[in-house]
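Count the sequence shown with mature numbering (1 follows the signal peptide of the UniProt record, and there is no 0) and you get residues -20 to -1, 1 to 756, in order.
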Amino acid sequence: MKLSAPLLVSLAAFSQAVTALVAFPGAEGFGANAIGGRKGQVYVVTNLNDSGTGSLRDAVSATDRIVVFAVGGVIKISDRIVVSKRVTILGQTAPGDGITVYGNGWSFSNADDAIVRYIRIRMGKGGSSGKDAMGIAEGNRMIFDHVSVSWGRDETFSINGDASNITIQNSIIAQGLETHSCGGLIQTDGGVSLFRNLYIDNKTRNPKVKGVNEFTNNVVYNWGGGGGYIAGDSDGQSYANIIGNYFISGPSTSVTAFTRGNANFHGYVENNYYDPDKDGQLDGSALGVSSSNYGGMAIVPSKYNYPAVAYTMSPAEAVTYVTKYAGASKVRDSVDTQLITQVQSWGTKGALISDEATMGGPGSLNGGTPAKDTDGDGIPDEAEKQLGTDPNTNDSMKLHTLAATCPSLPSSPQLQAISTLPDPFSWYPLQQSGRVTTLSDWQCRQSHISTLLQQLELGTKPPAPSSVTSTFSQNKLTITASNAGKTISFTATITYPSSGAGPYPAMIAYGGLSIPLPPGVATITFDNSQIAQQNDQSSRGKGLFYTLYGANHAAGAMMAWAWATSLIIDRLEATPAARINTARIGVTGCSRNGKGALVAGAFDSRIALTVPQESGTGGSGCWRLAAASEGAPQNVQTAGEIVQENVWFSTAFNTYANNVDQLPFDHHMLAGLIAPRGLLSIDNAGYQWLGPWSSLGCMGTARLIWQAMGVPDRMGYSMSTNHPHCSFPDQQRDDLFAFVNRFLLGMDVNTTVQKNYAGIAFDSKPWVNWQVPTLT
C-alpha cells in the first residue's frame, strides 16, 4: 500500500457557463459534479488480492481517496465490496489490459461523491444470491464512466431509494443471469442520467424507470420477453426525457422496445429508433411520437429541464459511438469484445445466459508493467517531470492543479503577427507542436480561445454573484444580485405564445426582437444598456454591472450583457412558474446588439441557438478581413474605428485595435466557441459599413470548425441585400425558421444553410492556409 499526501485535483472546466467543478472533463448529467476523493489521499493498489494492504477492497474502505493502480489483471473476490464516501477509482491508470473484478458485486449505497472510471465489474453465478452486480440504495452525486458491468444475480446495475444526482455514461450493462436476467431498476426522484450506454442480453429492465430520468443516446440490444425500456408500471409519478436512442431486437427479443407505461409516466420523446427485424442490417426507423409506440406512457410536448449532454448524437451516431467506446474500452476484454460482436450482427447473434461460462468466464488479462513511480505518490516519474514536481519526493501536496488533461496557457503569451485568419486547430500561442486532433483536444482549445478573448478583447466574465434572487409576477422576472455589499436589480420581460401552456422555448432578444419567430416560441427582453451603457466613449464603466463590480472592471459592455444573460437563464431555471424551457434558449440582436448576442452565445453553453443579425465588424466580421476591405470603394468599420466609437470591448483591446495581426485569434474563433451548438449568422450586403465581405468570409471560415466536429449543419449563414439595416427580409425567413424549428422547437429539419443572396465572392485561399482536421 502507498498513501500520498493530500492531492487536490482540479479539472479544467471547458465552458465558461460551468460554475461548479466537474468530476472530470466530459462528465455530464445529474452526477457531473461528484467530488470524488480530490480532497484526500492517493491510494495505489499494488496487488490483485481480495483483501489486505494494497488491495482494491482496502483502497475503497475509507473516505477521501483517489484510487490508482500499479497492477493490472483479474481481482477475484468472495464477498461484496462496499465503497466509502468520496472515493475516486481510476481504472485507466492500471497497466496492461486494466482491471476486472470478478466473483461478487459492489455496493455504492451512501457512497456520496463517488467517481468510477474504466473498470469491469463481473459478478457471476457464485456471487451473493439475490444481489446486484452494482447497487445504489442511497447517496448523492455519483458518476460511473466507461464501466463494464455484467452477470448480476438480481439486477446488473440498479439505483433505488433516496439516491440522487447519479450519472452512468459510456458504460455496458450486460447479461443479468437467468433466472432473473435484469439490466437494472432506476427508481429515484433524485435524478439519474443514462448517456451513451449499452444495455445488452438482459431479459427485462433495460432499464425499468420510476422517478426522474434522462435517457439519451443509449443502445439497447437483444432484450427478452420482459421488455426493453419499462416505463414505470407504477402508481407513482415519473418524468423522463428519452432522446436519440436506438433499440435493436436480437434473437431473444419477442416484445416491443417500450412496455408497461401508463398515464403516471410522463415522457418527452425525441428521435428514438427501433430496428425490430433481426435481418443482419442496421435499418431501423424513427418511432412515431405516440403513446402506443412508447408503451402507453403519457407523452409531453416539452423537454424537462434536466442536465443534458453537451452534444446530442443521432441514433445512428450513438450506435457507432457506443460500439467503439462504451465500457472499459481502453482495452476491450474478451467479454466486451463478444458483446460488441453481437450488437454488430444487427439482430442475428446474442443470448440470455444463466452461467458466465457461456462467455468463457472473465477471461485473462495482461498485467502489463506499471509506470515508474520512484517516490510512490501515485504520479509516474515522467508525469512529474512534465508537471514540474520532484519524482524523488512525495510532493503531491504541492500540486494544486493536476492539469495533465489540457496544456497550460501562458499567463503572458508571446504573440507574433499573423496576417491570415489564425488556425483554430493550432495550439498557438502555446509552445507546443502538433494540432488539435480529437474532440477532447478541441474542448481544451476552446478554453484557451475563451481565455485569450477575455484577456485581449472582451474582458473577463465574472461568475454569478454571491447572492442572486428573483421574483416573478405579471410576466416579469426581476433579478436582484448582491456583491461586496452592493446590490442591483433589473427586469426581464417575457412575451408568451398565444397558445399552449408551456414550458416554452424562448429567444432572448437584445434591444427588442428584430427577427420573426415561428409560433410556439416565447420572447424575453431586457434593457441591456441598463446593464452596461453604450452611448459613446463616455459610457465606460457606467451601468448596473459596474455598480456591482466597480467602474474599472475589465469587462466591456458586451461581456457585461453576457453576464446578465447568464443570470436570466440561472433564474429561469429556478423559476418553474415562468414556464420557460431553459434547455431551448436562443439569443439574438441586431447591429451592436448582434455583436452582443454572439458574445453571449459564445460564453454560455446553455444557449442552444445564437442568431446575430447584421452584427458587422466586431461581430460576424473578422478584424483582419475588415482591415483588408477598408478603403475605396468601400467604407468598412475597422477595429481602430470601433474602439473610438463605443465601449463594447475591454480597454485591453485598444492595444491591438490598430494592429489586429498581433491577435492570436479572430472572430471565426469567437464563433467557434459556440460549436457544436446552433449558430446562424444573418447579414446584409446592402450596408457597406458592416463589412459584408468580411462577415461572409469570417462566418464561412467559422463553419469549418463545425465541419471538423462532423456537424456542419449546426452552423449556417445567410447574406441578403437591398433592405434597410435591421429590417428582416422575407428572403431569409426560411433560413431563420429552419434553425429556430430545429434548435428551439426540436423539429427534425434540414439546417444546411449557406445562402449568399447578394452574390458576393470570397476566396478563402489567401486567408485560410491550414487544413481542417476530422476531430475524433
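In this text, a Cβ means the ideal position worked out from N, Cα and C, and glycines have one as well.
Checklist line | CB-CB length for ILE488 against ILE548, believed under 8 Å | finding: Looking up residue 488 in the sequence shown gives position 508. Looking up residue 548 in the sequence shown gives position 568. Yes, they are in contact, since the Cβ atoms of ILE488 and ILE548 sit about 7 Å apart, within 8 Å.
Notebook entry, point to check: For CYS162, which beta-bridge partners are listed by DSSP?
Noted result: One-based indexing of the sequence shown puts residue 162 at position 182. DSSP output for CYS162 lists THR184 as bridge partner(s).
Check: Taking MET695 as the reference, which of ILE101, ARG683, ALA688, GLN396 has the closest Cα?
Finding: Residue numbering aside, residue 695 sits at position 715 when the sequence shown is read from its first letter. Cα-wise, what sits closest to MET695 is ARG683.
Check: By a C-beta neighbour count over all protein chains shown, 10 Å radius and 16 as the cutoff for buried, is GLY739 buried or exposed?
Finding: Here residue 739 refers to the residue found at position 759 when the sequence shown is read from its first residue. Counting Cβ neighbours within 10 Å, GLY739 comes out exposed, since fewer than 16 surround it.
Notebook entry, point to check: Would you report the Cα separation of LEU(-14) and THR431, rounded to the nearest angstrom?
Noted result: Residue mapping note: residue -14 aligns to position 7 of the sequence shown, counting from 1. Residue mapping note: residue 431 aligns to position 451 of the sequence shown, counting from 1. Reliability fails at LEU(-14), whose pLDDT of 24 lies under 50, so the model's placement of it is uncertain and the value that follows must be treated cautiously. Cα to Cα, the separation comes out at about 26 Å.
Next item on the list: Could you have a look at TYR305 and say whether DSSP puts it in helix, strand or coil?
Entry: Translated into the one-based positions of the sequence shown, residue 305 becomes position 325. Reduced to three states, the DSSP call for TYR305 is helix.
Notebook entry, point to check: Where does TYR274 sit, in a helix, a strand or coil, going by DSSP?
Noted result: Locating residue 274 in the sequence shown gives position 294, where the first residue counts as 1. Looking at TYR274 - three-state DSSP - the assignment turns out to be helix.
Margin query: Rounding to the nearest angstrom, what Cα-Cα distance links ALA542 and ALA577 in this structure?
Written below: What you label residue 542 is simply residue 562 of the sequence shown in a count that begins at 1. What you label residue 577 is simply residue 597 of the sequence shown in a count that begins at 1. Between ALA542 and ALA577, the C-alpha separation is close to 8 Å.
Notebook entry, point to check: Can the beta-carbon of ASN197 be found less than 9 Å from the beta-carbon of PRO295?
Noted result: Here residue 197 refers to the residue found at position 217 of the sequence shown. Here residue 295 refers to the residue found at position 315 of the sequence shown. Contact flag set, yes.
Notebook entry, point to check: Using the C-alpha atoms, what's the distance from ILE180 back to THR68?
Noted result: Start at 1 with the first residue of the sequence shown, and residue 68 comes out as number 88. Start at 1 with the first residue of the sequence shown, and residue 180 comes out as number 200. Rounded to the nearest angstrom, the two C-alpha atoms are 27 Å apart.
Margin query: My parser needs the beta strand (DSSP E) runs of 3 or more residues fully inside the stretch 464 to 529; what are they?
Written below: Restricting attention to beta strand (DSSP E) runs no shorter than 3 residues, the stretch 464 to 529 encloses them at 466 to 475, 484 to 490, 502 to 506, ordered along the chain.
Note to self: Between which residues of its own chain and LYS283 is the CB-CB distance below 8 Å, once the five residues before and five after are set aside?
What the structure shows: As a position in the sequence shown, residue 283 is number 303, starting the count at 1. Here the set comprises ASN221, ILE223, TYR248, GLU250, ASN561, ALA563, ARG564, GLY726.
Margin query: When you compare the stretch 410 to 422 with the stretch 619 to 639, are there three or more beta-carbon pairs, one atom per stretch, that lie closer than 8 Å?
Written below: no
Check: If GLY163 sits next to GLY156, beta carbons under 8 Å apart, how far is it from one beta carbon to the other, in whole angstroms?
Finding: To locate residue 163, count along the sequence shown from 1; it is residue 183. To locate residue 156, count along the sequence shown from 1; it is residue 176. Rounded to the nearest angstrom, the Cβ distance from GLY163 to GLY156 is 6 Å, consistent with a contact under 8 Å.
Next item on the list: Leaving out five residues on either side along the sequence, give the residues of the same chain with a beta carbon under 7 Å from the beta carbon of THR618.
Entry: Here residue 618 refers to the residue found at position 638 when the sequence shown is read from its first residue. So the qualifying residues of the chain are THR597, ALA606, ALA607, GLU610.
Next item on the list: May I ask which residues mark the beginning and end of the alpha helix (DSSP H) holding LEU433?
Entry: The residue given as residue 433 occupies position 453 in the sequence shown. That run of the alpha helix (DSSP H) goes 419 to 433.
Next item on the list: Go through its chain and collect everything with a Cβ distance to SER744's Cβ below 8 Å, but skip five positions before and after it.
Entry: Counting from one through the sequence shown, the residue named residue 744 turns up at place 764. Answer for SER744: GLY677, GLY680, THR681, listed in chain order.
Note to self: Spatial neighbours of ILE504 within its chain, please: C-beta separation below 6 Å, excluding the five flanking residues on both sides.
What the structure shows: Sequence index remark: in the sequence shown, residue 504 carries index 524 (1-based). Once the five neighbours on either side are set aside, the close Cβ partners of ILE504 are ALA472, ILE474, ALA486, ILE488.
Margin query: By the DSSP assignment, the beta strand (DSSP E) with HIS246 in it spans what residues?
Written below: For the purposes of this step, residue 246 is taken as the residue at position 266 of the sequence shown. Here the beta strand (DSSP E) through HIS246 covers 245 to 250.
Next item on the list: Could you check if ALA481 is buried or exposed, using at least 16 other CB atoms within 10 Å of its CB as the buried criterion?
Entry: Reading the sequence shown from its first residue, position 501 is the one you call residue 481. It is exposed - the Cβ of ALA481 has fewer than 16 other Cβ atoms within 10 Å.
Check: Roughly how many whole angstroms lie between the Cα atoms of PRO371 and ILE123?
Finding: Residue mapping note: residue 371 aligns to position 391 of the sequence shown, counting from 1. Residue mapping note: residue 123 aligns to position 143 of the sequence shown, counting from 1. Taking the straight line from one Cα to the other gives about 31 Å.
Note to self: Mapping the DSSP letters down to three states, classify PHE633 as helix, strand or coil.
What the structure shows: As a position in the sequence shown, residue 633 is number 653, starting the count at 1. Under the three-state reduction of DSSP, PHE633 is assigned to helix.
Next item on the list: Give the secondary structure of ILE220 by DSSP, where H, G and I count as helix, E and B as strand, and everything else as coil.
Entry: Position 240 of the sequence shown, counting from 1, holds the residue named residue 220. Note on residue identity: the sequence assigns Ala, not Ile, to residue 220. Correct three-state label for ALA220: strand.
Next item on the list: Compare the beta carbon distance of LYS190 and LEU174 with 9 Å and say whether it is the shorter of the two.
Entry: Position 210 of the sequence shown holds residue 190. Position 194 of the sequence shown holds residue 174. Their beta carbons are not under 9 Å apart, which means LYS190 does not touch LEU174 by this criterion.
Next item on the list: Put LEU382 into one of helix, strand or coil per three-state DSSP.
Entry: Taking the first residue of the sequence shown as position 1, residue 382 is located at position 402. Because LEU382 sits at a pLDDT of 37, beneath the cut-off of 50, its placement in the model cannot be relied upon, and the following sentence gives the value as read from the coordinates. Three-state DSSP puts LEU382 in coil, outside helix and strand.
Notebook entry, point to check: Looking only at its own chain, which residues have a Cβ that is under 6 Å from the Cβ of TYR667, when we skip the five neighbours before and after it?
Noted result: Taking the first residue of the sequence shown as 1, we reach residue 667 at position 687. Same-chain partners within the cutoff: HIS705.
Checklist line | Test item: CB-CB of THR545 and GLY566 under 9 Å | finding: Along the sequence shown, read from residue 1 onward, the residue named residue 545 stands at position 565. Along the sequence shown, read from residue 1 onward, the residue named residue 566 stands at position 586. No; because the gap between Cβ atoms is not below 9 Å, this pair is not in contact.
Check: Beta carbon of LYS65, beta carbon of ALA94: below 9 Å?
Finding: Here residue 65 is taken as the residue at index 85 of the sequence shown, counted from 1. Here residue 94 is taken as the residue at index 114 of the sequence shown, counted from 1. Their beta carbons are under 9 Å apart, which means LYS65 touches ALA94 by this criterion.
Next item on the list: Flag this pair as yes or no: are the beta carbons of GLY275 and PHE227 separated by less than 9 Å?
Entry: As a position in the sequence shown, residue 275 is number 295, starting the count at 1. As a position in the sequence shown, residue 227 is number 247, starting the count at 1. Their beta carbons are not under 9 Å apart, which means GLY275 does not touch PHE227 by this criterion.
Next item on the list: For PRO746, count neighbouring C-beta atoms within 10 Å of its own C-beta (all shown protein chains included) and say buried if the count is 16 or more, exposed if not.
Entry: As a first step, residue 746 must be located in the sequence shown, where it is residue number 766. So PRO746 ends up on the exposed side.
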